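Chemist: Under full-length UniProt numbering, think of the first position of the sequence shown as 1, with each following residue one higher.
Here a beta-carbon is modelled for each residue, glycine too, at the ideal position from N, C-alpha and C.
In this text, all values refer to a predicted model and were calculated from it rather than measured experimentally.
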Amino acid sequence: MSAVATMIALSLFVGLVALLIAFQVTLALGTPWGRLAWGGQHAGKLPLGYRIASAASILVYGFIAALALDAGGAINLFPSGFSHIAMWVVFGYLTLGTLMNALSRSKPERFVMTPVALSLAFLALIIATHPK
Numbered sequence: 001m002s003a004v005a006t007m008i009a010l011s012l013f014v015g016l017v018a019l020l021i022a023f024q025v026t027l028a029l030g031t032p033w034g035r036l037a038w039g040g041q042h043a044g045k046l047p048l049g050y051r052i053a054s055a056a057s058i059l060v061y062g063f064i065a066a067l068a069l070d071a072g073g074a075i076n077l078f079p080s081g082f083s084h085i086a087m088w089v090v091f092g093y094l095t096l097g098t099l100m101n102a103l104s105r106s107k108p109e110r111f112v113m114t115p116v117a118l119s120l121a122f123l124a125l126i127i128a129t130h131p132k
């Protein structure tokens, strides 16, 4: 795969993660989109515990974006080789997330978040297999 294709995958990955961060910000602030997150058990505004979890996930997604940017060579933030190995962990995490979203009891979560997680897993695989 060419360096250009890898950069396109990296850009798409970071863009999708940025959208997930924005989504989690809205959930943490009380937007009534509970059916799309955390198993879809809450139709409206998430309970406080889930809102705190959404706020914490913002940090996790930010770290994942930084790992991807480092692994793809866009930034140099982590020790040599760390982000490459970490991207394989991210790939596994996103693959598991795809499965969890696909098995959700919430139809909106299944139809919206499963394709997002699958796309992110595929892009993470590209980044992991084509390190800087």
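(1) Taking C-alpha atoms, which residue in Leu48, Ala28, Gly92 lies nearest to Ile126?
(2) When the Cα of Leu16 is compared with those of Leu123, Ala128, Pro131, which residue comes out closest?
(3) Out of curiosity, what's the CA-to-CA distance linking Ala43 and Gly34?
(4) With C-beta atoms as the reference, is Ala28 less than 8 Å away from Glu109?
(5) For Ala68 and His84, which I take to be in contact (beta-carbon distance under 8 Å), what is that distance rounded to the nearest angstrom?
Modeler: Here's the rundown:
(1) Gly92
(2) Leu123
(3) 5 Å
(4) no
(5) Their Cβ separation, rounded to whole angstroms, is 11 Å, which puts Ala68 and His84 out of contact at 8 Å.
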